[in-house]
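In my numbering, the protein residues as written are 89 to 177.
C-beta atoms are modelled at their ideal positions from N, C-alpha and C, and glycine is treated no differently.
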């Protein structure tokens, strides 16, 4: 498995996702990812373990946090589009 890939287990179903990007806001670590099979984009809060091992993902539960993720994701898409435009110039 590549460094930017995760396996998410939900309802006893394993799904492979690709991490698009991460960011930190108000002392919380967010990870935005795309499900490889459905290409659906989602996000979660990453909580590292103190032992240095791989941490856990928690659901985003507030509208405020989802609005934040949406704004950051829209900027991410715009930046990708701008970079692509620059390559074709």
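Cα-Cα separation between residue i and residue j, rounded to whole angstroms
i, j, result
"residue 154", "residue 175", "31 Å"
"residue 165", "residue 125", "20 Å"
Per-residue burial, residue i [other beta carbons within 10 Å of its own, 16 or more giving buried]
i, result
"residue 157", "buried"
"residue 171", "exposed"
"residue 97", "exposed"
Residues bridged to residue i [DSSP beta-bridge criterion]
i, result
"residue 166", "For residue 166, which the question treats as bridged, DSSP gives no partner whatsoever."
"residue 146", "133"
Boundaries of the beta strand (DSSP E) in which residue i is found, first to last residue
i, result
"residue 120", "116-123"
"residue 129", "129-135"
"residue 102", "101-113"
"residue 98", "93-98"
Close Cβ partners of residue i (< 7 Å) along its chain, the five nearest in sequence each way excluded
i, result
"residue 186", "Here the chain comprises residues numbered 89 to 177, so residue 186 is not present and cannot be evaluated."
6 Å CB neighbourhood of residue i in its chain, flanking five on each side removed
i, result
"residue 123", "103 and 105"
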